[in-house]
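Here is the structure we will look at, set down as structure tokens.
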Amino acid sequence: DAGVTQSPTHLIKTRGQHVTLRCSPISGHKSVSWYQQVLGQGPQFIFQYYEKEERGRGNFPDRFSARQFPNYSSELNVNALLLGDSALYLCASSLVTPSYEQYFGPGTRLTVT
Amino acid sequence: AQTVTQSQPEMSVQEAETVTLSCTYDTSESDYYLFWYKQPPSRQMILVIRQEAYKQQNATENRFSVNFQKAAKSFSLKISDSQLGDAAMYFCAYMDFGNEKLTFGTGTRLTIIP
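Structure (structure tokens):
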């Protein structure tokens, strides 16, 4: 079975631009969470979605938004990119919520110049 | 708010030896989970071991075991018979019972010396 997949693997954007990151959960998993991992730090929680509804939100500005689709895939959108948004963005999926069994994807490396 | 502290930015161990990574956390909750995740250069976060706070028995997964001290809010990871493939960043993480949000520490980079 395929694990959690994320696209793109990496990308480079310019300050002020918009970016969309995508995540496909493990087949059958209905919960998706997003994390931001700045270089040298541990991941920080951004959002959790379950059955297309937002179930949790971390301490991130409104420039960050997300949504979940009927097939449980998810998008993370970031507007008006700042240099500080450069990070590895990780997606995790779980079968149900809450769940202590979360499976992470390989991440998307975003560089903002 | 819950916090997780890893005070060892880097650790190294000889192959086949034993190493212990430290983690402390702060919470006012009584029911929660603690985790150790491994992040190799491939970047994918891999679950190493999980501990439920209500269980007094320390979790063990093959060469990996934890020392969970609830009163001291301490959760260390012991890796026995270290192998080259164990080299990675190790993150300690906390999750409230009933809440899927993970709170991570800053990580410990483990190097295995052949």
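These protein sequence lines map, in sequence, to chains A and B. Per my numbering, numbering of the first sequence is gapless, rising by one per residue and ending at 796. Per my numbering, numbering of the second sequence is gapless, rising by one per residue and ending at 141. Virtual Cβ for every residue (Gly too), placed ideally from N, Cα, C.
Top-ranked residue by Cα proximity to residue i, from the options
| i | options | result |
| --- | --- | --- |
| residue 40 of chain B | B/107, B/120, B/123 and B/129 | B/107 |
| residue 758 of chain A | A/766, A/710, A/795 and A/702 | A/702 |
| residue 84 of chain B | B/74, B/73 and B/97 | B/97 |
| residue 743 of chain A | A/787, A/781, A/761 and A/723 | A/761 |
| residue 786 of chain A | A/792, A/796 and A/773 | A/773 |
| residue 767 of chain A | A/752, A/776 and A/746 | A/746 |
| residue 36 of chain B | B/117, B/87 and B/54 | B/117 |
| residue 88 of chain B | B/42, B/140 and B/105 | B/105 |
CB contact check: residue i to chain B, cutoff 8 Å
| i | result |
| --- | --- |
| residue 688 of chain A | no |
| residue 752 of chain A | no |
| residue 783 of chain A | yes |
| residue 780 of chain A | yes |
Residue interval of the beta strand (DSSP E) (run including residue i)
| i | result |
| --- | --- |
| residue 53 of chain B | 51–53 |
| residue 77 of chain B | 73–79 |
| residue 35 of chain B | Taken as a continuous stretch (DSSP letters only), residue 35 of chain B belongs to no beta strand (DSSP E), as it is neither H nor E. |
| residue 104 of chain B | 101–106 |
| residue 698 of chain A | Where residue 698 of chain A is concerned, there is no enclosing beta strand (DSSP E), given that its DSSP letter is neither H nor E. |
Assigned secondary structure, residue i (DSSP; H/G/I helix, E/B strand, else coil)
| i | result |
| --- | --- |
| residue 767 of chain A | helix |
| residue 741 of chain A | coil |
| residue 778 of chain A | coil |
| residue 722 of chain A | coil |
| residue 113 of chain B | helix |
| residue 43 of chain B | coil |
| residue 759 of chain A | strand |
Any chain A beta carbon closer than 8 Å to residue i
| i | result |
| --- | --- |
| residue 112 of chain B | no |
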